[in-house]
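Below is one structure, written out as structure tokens; comments come after it.
There are 2 protein chains.
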Amino acid sequence: MKLKPKKDLIKEALTKQIAGIIPSREALQKVLESGKKLTIYWGIDPTAPDIHLGHSTNLFVLRRFQRLGHKIIGLVGDYTARIGDPSGRTTIRIPLTRLQIAKNLKNYKSQILKILDPKKTIFKFNSEWWEKMKASDLLMLDSLVTHQQIIERDMFQKRIADKNPISEMEIQYPLLQGYDSVALKTDVEVGGTDQFFNMLMGRQFSKTLLRKEKFVITTPLLENPKTGKKLMSKSEGNYISMNNDPNKMYGKVMALADDVIIVCFKFCTDLEEDSVRRTELRLKSGENPRNLKSELAYEIVKIYHGEKKAKEAEREFNQVFQKHELPKKIPEVILKAGEYNIVDLLTATGMAPSKSEARRLVIGKAVRAGGKLIDDFKDTIKVSPGLVVQVGKRHFKKIK
Amino acid sequence: MKLKPKKDLIKEALTKQIAGIIPSREALQKVLESGKKLTIYWGIDPTAPDIHLGHSTNLFVLRRFQRLGHKIIGLVGDYTARIGDPSGRTTIRIPLTRLQIAKNLKNYKSQILKILDPKKTIFKFNSEWWEKMKASDLLMLDSLVTHQQIIERDMFQKRIADKNPISEMEIQYPLLQGYDSVALKTDVEVGGTDQFFNMLMGRQFSKTLLRKEKFVITTPLLENPKTGKKLMSKSEGNYISMNNDPNKMYGKVMALADDVIIVCFKFCTDLEEDSVRRTELRLKSGENPRNLKSELAYEIVKIYHGEKKAKEAEREFNQVFQKHELPKKIPEVILKAGEYNIVDLLTATGMAPSKSEARRLVIGKAVRAGGKLIDDFKDTIKVSPGLVVQVGKRHFKKIK
Numbered sequence: 001m002k003l004k005p006k007k008d009l010i011k012e013a014l015t016k017q018i019a020g021i022i023p024s025r026e027a028l029q030k031v032l033e034s035g036k037k038l039t040i041y042w043g044i045d046p047t048a049p050d051i052h053l054g055h056s057t058n059l060f061v062l063r064r065f066q067r068l069g070h071k072i073i074g075l076v077g078d079y080t081a082r083i084g085d086p087s088g089r090t091t092i093r094i095p096l097t098r099l100q101i102a103k104n105l106k107n108y109k110s111q112i113l114k115i116l117d118p119k120k121t122i123f124k125f126n127s128e129w130w131e132k133m134k135a136s137d138l139l140m141l142d143s144l145v146t147h148q149q150i151i152e153r154d155m156f157q158k159r160i161a162d163k164n165p166i167s168e169m170e171i172q173y174p175l176l177q178g179y180d181s182v183a184l185k186t187d188v189e190v191g192g193t194d195q196f197f198n199m200l201m202g203r204q205f206s207k208t209l210l211r212k213e214k215f216v217i218t219t220p221l222l223e224n225p226k227t228g229k230k231l232m233s234k235s236e237g238n239y240i241s242m243n244n245d246p247n248k249m250y251g252k253v254m255a256l257a258d259d260v261i262i263v264c265f266k267f268c269t270d271l272e273e274d275s276v277r278r279t280e281l282r283l284k285s286g287e288n289p290r291n292l293k294s295e296l297a298y299e300i301v302k303i304y305h306g307e308k309k310a311k312e313a314e315r316e317f318n319q320v321f322q323k324h325e326l327p328k329k330i331p332e333v334i335l336k337a338g339e340y341n342i343v344d345l346l347t348a349t350g351m352a353p354s355k356s357e358a359r360r361l362v363i364g365k366a367v368r369a370g371g372k373l374i375d376d377f378k379d380t381i382k383v384s385p386g387l388v389v390q391v392g393k394r395h396f397k398k399i400k
Numbered sequence: 001m002k003l004k005p006k007k008d009l010i011k012e013a014l015t016k017q018i019a020g021i022i023p024s025r026e027a028l029q030k031v032l033e034s035g036k037k038l039t040i041y042w043g044i045d046p047t048a049p050d051i052h053l054g055h056s057t058n059l060f061v062l063r064r065f066q067r068l069g070h071k072i073i074g075l076v077g078d079y080t081a082r083i084g085d086p087s088g089r090t091t092i093r094i095p096l097t098r099l100q101i102a103k104n105l106k107n108y109k110s111q112i113l114k115i116l117d118p119k120k121t122i123f124k125f126n127s128e129w130w131e132k133m134k135a136s137d138l139l140m141l142d143s144l145v146t147h148q149q150i151i152e153r154d155m156f157q158k159r160i161a162d163k164n165p166i167s168e169m170e171i172q173y174p175l176l177q178g179y180d181s182v183a184l185k186t187d188v189e190v191g192g193t194d195q196f197f198n199m200l201m202g203r204q205f206s207k208t209l210l211r212k213e214k215f216v217i218t219t220p221l222l223e224n225p226k227t228g229k230k231l232m233s234k235s236e237g238n239y240i241s242m243n244n245d246p247n248k249m250y251g252k253v254m255a256l257a258d259d260v261i262i263v264c265f266k267f268c269t270d271l272e273e274d275s276v277r278r279t280e281l282r283l284k285s286g287e288n289p290r291n292l293k294s295e296l297a298y299e300i301v302k303i304y305h306g307e308k309k310a311k312e313a314e315r316e317f318n319q320v321f322q323k324h325e326l327p328k329k330i331p332e333v334i335l336k337a338g339e340y341n342i343v344d345l346l347t348a349t350g351m352a353p354s355k356s357e358a359r360r361l362v363i364g365k366a367v368r369a370g371g372k373l374i375d376d377f378k379d380t381i382k383v384s385p386g387l388v389v390q391v392g393k394r395h396f397k398k399i400k
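Note that the protein sequences, when read in sequence, are chains A and B.
If you count the first sequence from 1, position 108 lands on 108 in UniProt numbering, and the numbers rise without skipping.
If you count the second sequence from 1, position 211 lands on 211 in UniProt numbering, and the numbers rise without skipping.
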């Protein structure tokens with residue numbers, strides 16, 4: 001089946017949120033304009049229970065190709081995750097167990113399908129072919145690459161220079177990922193720039209084993225432009241999940257550094273490029289970053305939870321943090337009425353994990369009871385139903 | 001079943017023709033003296049149709065352990081041969097096909113059993129387990145070693161320094177050979193010093209996967225003590241095969257350099273150490289090396305073909321080379337009687353592969369016809385039945 005080539009949309013699909021195309025943008029454009037239906041894949045490792053906003057760029061890029069009529073495959077690296085991509089890591093990764101992977105996989109699809117079209121997205125798992133592969137199959141792949149070629153990869157070079165060990169299993173990782181391109185007979189692979197080496201391996205294997213020219217599209221990583229550090233990393237745990245509830249998601253965006261507002265507008269939303277440029281100008285001309293960040297937070301929550309929930313999250317955030325009012329919904333805890341030492345009260349309500357931690361919170365002026373600051377840990381509190389205890393800015397419990 | 005420890009024989013088995021023992025000679029001695037029956041293996045790659053005298057050292061060592069009552073396994077690396085050990089090689093080895101391997105395997109057993117006891121020697125093939133191994137099994141082994149550890153191997157270091165490519169398949173070779181020790185649950189591995197790295201890998205895997213301390217016995221390589229170069233190499237083709245017929249074997253030994261007489265006595269025969277020492281003294285005191293070489297040649301032919309054939313080979317050699325007489329048996333070639341230019345005669349009898357090569361042989365004074373030196377390539381020879389044509393010292397054809 002031939003697709004109708006839509007020149008404007010093709011141009012957008014080949015430029016927006018894209019870092020580079022191998023062998024060239026022009027070559028891929030030619031194929032797209034020919035009307036040929038392509039198979040495009042994006043791989044993701046189930047190394048954490050959810051997907052973060054750093055991944056959304058890939059999904060926006062894929063959605064554009066999906067809207068052009070191409071076949072989109074989300075490849076879950078459930079086999080390779082047991083090995084672990086050495087990308088950017090300085091130490092040997094601890095391989096995941098099957099159980100951990102199964103747990104992490106649970107919510108993957110629903111998160112991805114918040115952006116991609118559920119009716120048009122195919123999911124594959126690389127255990128499907130890798131579990132069947134024999135040692136001799138892997139050795140055949142090994143025969144196609146040289147040690148020198150693998151070791152060229154920047155993160156391997158870094159580990160060697162730093163005298164950090166590299167497991168031979170990690171050395172095999174690019175070959176495994178590369179073979180996925182062959183198994184999927186894919187025309188295009190989309191991935192972050194940190195996947196460039198692995199994606200080129202797939203390009204090489206496709207050429208050798210399928211006589212096929214696989215295109216590679218890289219997307220920018222979500223980084224703080226001031227420090228160059230990754231904004232979100234699954235393996236390091238600091239990320240905003242697509243699965244976060246609206247309030248948490250809104251709050252986490254508001255907690256981001258002002259330096260990253262524009263990159264987040266560019267890569268975590270799919271707003272028109274013109275609109276992002278206007279926001280950038282407002283920031284440069286001195287507008288309070290907080291205004292722009294709330295627009296960002298609203299936009300992001302809208303993507304994953306819809307407009308209504310975005311409005312509610314905005315209202316809630318403003319009520320609690322800006323007007324210092326109590327939030328609408330406070331979790332309740334059952335406690336017998338009576339007099340309680342503040343330390344005992346904090347541990348009994350589960351707001352402090354230990355007495356010593358409770359004391360530290362009180363000394364640090366983080367604790368309020370009935371709206372009143374409590375700064376002496378010998379203080380006694382009269383507890384009765386309806387009393388609100390607060391720790392920090394966002395942690396509330398109401399006595400039932 | 002406990003073995004009767006024979007202290008004298010154990011001492012000989014642990015020293016004669018041995019380069020080193022890991023972790024120590026004393027540790028292995030202790031186990032041997034305990035009377036425990038051990039499984040001892042020696043691996044050989046079927047990379048040529050026959051086994052050469054450089055391998056005989058290992059077989060003499062194994063025979064001593066066999067006579068002590070231990071279980072001896074000859075492991076044919078029919079699977080790993082498809083990959084090729086990178087030992088000492090500076091370029092990527094061309095993997096063997098199954099067909100080549102099957103062909104090479106054909107005469108292996110009979111050669112090995114000229115030294116080992118046919119009733120007490122077990123043969124195994126590592127395809128037996130490796131063909132069943134899954135990619136994940138190989139990856140498990142990969143996870144047990146670091147890239148840094150593998151790359152330490154001297155021949156890898158040399159190739160890297162010389163910017164010669166190393167295939168990733170070759171990098172896996174030591175892991176495959178190492179796993180053989182696990183599959184065989186072996187107590188001891190015997191091999192040349194060039195196998196030290198691979199044998200230590202097997203020791204490491206045995207420790208990790210079987211909680212077993214595998215001993216490693218290395219034997220010296222057959223080298224020219226003056227140049228340090230290998231005397232025989234299957235992969236380079238310059239070797240004396242255990243399968244060579246008595247005359248060829250005798251002649252090849254006689255063609256060895258005088259410098260290597262003593263190492264060949266030490267490692268290619270199983271003569272008493274005292275007797276070898278006496279030979280060394282005779283050489284040092286100025287005796288004609290040719291005398292000693294004929295003793296060596298006689299001794300070696302005796303090992304593989306028995307005393308009678310050794311005597312015959314000696315007689316034949318003396319007749320042809322020392323008394324300049326014609327050999328007893330000359331291969332015959334049918335040729336129409338008549339006048340032949342010497343160059344045409346050499347190519348027609350198959351004694352030169354081309355006319356230009358035939359001319360070179362004539363110019364180099366290597367050609368005789370009917371006993372007469374022919375040194376002009378324009379010469380014409382009268383050919384009739386019974387005429388003997390000779391190239392060099394040992395290449396004869398008789399016209400039929």
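For every residue, glycine included, the Cβ atom is placed at its ideal position computed from N, Cα and C.
- Residue range His395 to Ile399 is occupied by the beta strand (DSSP E) that includes A/Lys397.
- Just measuring C-alpha positions, the residue of A/Leu326, A/Phe317, A/Trp42 and A/Arg67 sitting nearest A/Ser56 is A/Trp42.
- A/Ala369 sits in a strand when the DSSP states are folded into three classes.
- One finds Thr146, His147, Gln148 and Gln149 in chain B with Cβ atoms closer than 9 Å to the Cβ of A/Pro165, taken in chain order.
- Between B/Ile330 and B/Lys398, the gap from beta carbon to beta carbon is short of 9 Å.
- Sequence-distant Cβ neighbours of A/Pro246 in its own chain, meaning closer than 6 Å and more than five residues away, are Val301, His305, Lys309 and Ala313.
- B/Asp376 and B/Ala366 have their alpha carbons spaced roughly 11 Å apart.
- Under the 8 Å Cβ criterion, the region 277 to 294 of chain B does not count as touching the region 343 to 361 of chain B, having fewer than three qualifying pairs.
- B/Lys230 places its beta carbon 9 Å or farther from that of B/Ala257.
- From the beta-carbon of A/Gln172, the residues of chain B found nearer than 7 Å are Leu139 and Asp142.
- For B/Leu28, the nearest beta carbon of chain A is not closer than 9 Å to its own beta carbon.
- Each residue's CA atom was taken as its position, placing B/Glu280 and B/Asp8 some 25 Å apart.
- The criterion of a C-beta distance shorter than 9 Å is satisfied by B/Leu32 and B/Ile10.
- When C-alpha distances from A/Lys163 are compared across B/Arg159, B/Gln157 and B/Thr146, the shortest belongs to B/Thr146.
- Residues of the region 118 to 133 of chain A with a Cβ closer than 7 Å to any Cβ of chain B, in chain order: Trp130 and Met133.
- For the region 176 to 224 of chain A, the full-length alpha helix (DSSP H) segments reaching 4 residues or more read 196 to 205 along the chain.
- Taking all protein chains in view, the Cβ of A/Ile171 is crowded by 16 or more other Cβ atoms within 10 Å, so the residue is classified as buried.
- Taking 9 Å as the cut-off, the Cβ atoms of A/Phe123 and A/Leu75 count as close.
- Chain A places a beta carbon closer than 9 Å to that of B/Met169, counting this residue as a contact.
- Collapsing the DSSP output to three states places B/Gln17 in coil.
- Within the same chain, Thr121 come within 8 Å of B/Leu113 by CB-CB distance, once the 5 residues on both sides are set aside.
- Annotated three-state conformation of B/Val76 is strand, per DSSP.
- In this structure, A/Leu59 places its C-beta atom within 9 Å of the C-beta atom of A/Leu116.
- Neighbourhood of B/Ala102 in chain A, by CB distance below 7 Å: empty, with the nearest CB roughly 17 Å away.
- Assigned with DSSP and collapsed to three states, A/Asn244 falls in coil, not helix or strand.
- A check of alpha carbon separations from A/Gly338 across A/Ala348, A/Arg368, A/Asn318 and A/Ile381 identifies A/Ile381 as the nearest.
- For B/Leu175, at least one C-beta of chain A is nearer than 9 Å to its own C-beta.
- B/Pro118 sits exposed, since fewer than 16 C-beta atoms from the chains shown fall within 10 Å of its C-beta.
- Secondary structure of B/Phe377 (DSSP, three-state): coil.
- Listed along chain B, the residues sitting closer than 7 Å to A/Ala135 by beta-carbon distance are Trp130, Met133, Lys134, Ala135, Asp137 and Leu138.
- Boundaries of the alpha helix (DSSP H) harbouring A/Phe265: Ile261 to Cys268, taken from the DSSP string.
- In the displayed model, B/Gly338 falls within a strand according to three-state DSSP.
- With a threshold of 16 other beta carbon atoms within 10 Å, B/Thr97 falls short and is exposed.
- For B/Gln319, DSSP assigns no beta-bridge partner whatsoever.
- Residue pairing for B/His52: DSSP places it in a beta bridge opposite B/Ser241.
- In the DSSP assignment, B/Val276 falls within the alpha helix (DSSP H) that extends over Glu273 to Lys284.
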